[in-house]
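Using the UniProt record's numbering, read the sequence shown as starting at 1 and increasing by one per residue.
Quick reminder that beta carbons are idealized off the backbone N, C-alpha and C, glycines included.
None of the values given here were measured: they were computed from a predicted structure.
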Amino acid sequence: MDEQIEVVKPAEKAGFENFKQSDGTVTGMASGLFKDVMTSNPYFAAGGGLMVLGSALALTRSSVIRLSQFAYRQMLVDLEIPSKDKSYYWFLEWMSQHKQRSSRHLSVETNYTQRDNGTVSTKFSLVPGPGRHLIKYQGAYMMVNRERSGKLLDMTSGTPFETVTITTLYRDRYMFAKLLEEAKELALESQQGKTVIYTSWGQDWRPFGQPRRKRLVQSVILDEGISEGILKDVRDFLGSGNWYHERGIPYRRGYLLYGPPGSGKTSFIQALAGELDYNICILNLSEANLTDDRLTYLMNHIPQRSILLLEDIDAAFNKREQTKEKGYSSGVTFSGLLNALDGVASAEEMITFMTTNHPEKLDPAIMRPGRVDYKALIDNASEYQVSKMFTKFYGSEDEQSREKFLQAYHEANVGSVSTAQLQGLFVYNKNDPEGAIAMVKSMGK
Ligand SMILES: Nc1ncnc2c1ncn2[C@@H]1O[C@H](COP(=O)(O)OP(=O)(O)OP(=O)(O)O)[C@@H](O)[C@H]1O
Ligand SMILES: [Mg+2]
């Protein structure tokens, strides 16, 4: 036993007394060893020096990076526009037209239209391609970086996801809003004064043809006060969103325009949409293969700021056998239509216009408020309309001719004439009021 103790003691003397400290750590020994090695071995000492230098450099480097990142954050601002965002294309289009830019890398976007008669029109826009571009906008320099994500695909369009990042000095950050606003305006200019007509395409709403020039409300001549009445009601409705929301009432309103063919129902709704700066989604209920399900789906997925126009609403009230005799069949049932009208769940406002030539065929259930809140008869031409139509075609100066025409119209006693027929008469006698007068006289015979 004693011998064993003696073996241990010299070891302690040799400097291992630090081996076990009261807290049980080995740092004491390690630092002792380190010191020993560093001071007594020149190679290790040099290596250690290098190591210290290395880590100092690494530290400096990382702090420089951090500092520059900090400065970047302080001095520069980024704006990221993903390709999903509407403003993405606005911005690219804007940039392609922006003069003060330096970009050598362009990509082409082609708008190609083939018309029914076979003619083709194409328009190329050269937009900035992927990569970095430098632009100067109102004195501010901006770095634009268009990046394409190789992996992600936008499933709706099949195109790769992209982002555009615009970087500018912190002090110029206000330029972003200005720039986007300018880009938006530029893009909307091409649609301005136009109404987009959507039709149903399978489960989707698709623009039908090119956006059309807005039709002026004044160009559709309805009987006295009708046009003003509808316009006022729609404007009132659009201005009372809060009122509806506060009371928990679905924010929608239905209008029914009924009357004989060619009295201007469809034309008026298009003009109204133009006046309100809305687009139109047209759905023809007598369309073959329109089913209740599709109707409900379409009505719940209407593009923003659009008026829903349900034409020939009486089609849903016919028995299917009857419509088949006429050569078409609609799959929409009456209850399907009612459900679709009731079930439109939308936070946005919803304006539905319905037209029919046969109001007598409509079931009273459709007239329930919430489905139809406003009805208007758009009838054949009244004398007021005849006079106004005449003025529209031949100007207001020729009062004499107008009187003569009205007289002849009255005497001819042609009964009800639709405004479309009148339009036909005036178009036929373009710039020739006398011809129109002669013609209307012969109509009565
Ligand atoms: N009141 C009107 N004022 C000006 N133009 C009119 C008027 N009524 C009809 N027209 C002209 O007649 C044509 C047909 O009109 P529209 O399609 O609007 O009639 P509609 O009432 O919708 O007929 P339908 O019931 O058959 O659908 C259009 O070219 C339109 O310009
Ligand atoms: Mg119509």
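With contacts defined as CB atoms closer than 8 Å, A183 and F91 qualify as a contacting pair. The Cβ atoms of I378 and G259 lie closer than 8 Å to each other. Annotated three-state conformation of F334 is helix, per DSSP. Buried is the label assigned to N279, since at least 16 other Cβ atoms lie within 10 Å of its Cβ. In this structure, L257 is the residue among A46, G248, L257 and P160 with its C-alpha nearest to the C-alpha of S227.
Per DSSP, the unbroken alpha helix (DSSP H) holding A187 starts and ends at M175 to E189. For the 8 Å CB-CB criterion, L406 and R371 do not form a contact.
In the displayed model, S87 falls within a helix according to three-state DSSP. Remark: the shortest separation between the CB of K265 and any heavy atom of ligand 2 falls under 7 Å.
The beta carbon of Y374 is closer than 8 Å to those of I230, D233, R253, G254, Y255 and L256 in its chain, skipping five residues each way along the sequence. L67 is not bridged by DSSP to any residue. Less than 8 Å separates the beta-carbon of T356 from that of L362. Its chain contains A408, Y409 and A412 as the residues whose beta carbon lies nearer than 6 Å to that of V440, once the 5 sequence neighbours on both sides are disregarded; these appear in chain order. D204 sits in a strand when the DSSP states are folded into three classes. When distances are taken from the beta-carbon of T291 to the heavy atoms of ligand 1, even the shortest one reaches 7 Å or more. M175 and R212 have their C-alpha atoms spaced approximately 33 Å apart. In terms of Cβ geometry, G262 and T419 form a close pair [threshold 8 Å]. Residue nearest to F353 within the set T266, D78 and E397 is T266 (criterion: CA-CA distance). Ligand 2 has a heavy atom closer than 7 Å to the beta-carbon of T355. When P359, K392 and T195 are compared, the shortest CA-CA separation from G274 is found for T195. Boundaries of the beta strand (DSSP E) harbouring M354: M350 to T356, taken from the DSSP string.
Q400 is not a Cβ neighbour of I221, given a cutoff of 8 Å. In terms of Cα proximity to V217, the closest of G264, K430, M143 and D432 is G264. By the CB criterion at 8 Å, T291 and V344 fall outside the cutoff. By the CB criterion at 8 Å, I197 and I302 fall outside the cutoff. Sequence-distant partners of E360 (beyond 5 residues in either direction) whose C-beta falls short of 6 Å from its own C-beta are missing from its chain.
In this structure, T165 lies away from D293, with their beta-carbon atoms at least 8 Å apart. I81: member of the beta strand (DSSP E) spanning L76 to P82, first to last residue. Within the same chain, N284 and T355 come within 6 Å of E311 by CB-CB distance, once the 5 residues on both sides are set aside. Looking from the CA of Q270, the closest CA among L338, G193, T167 and A288 belongs to G193.
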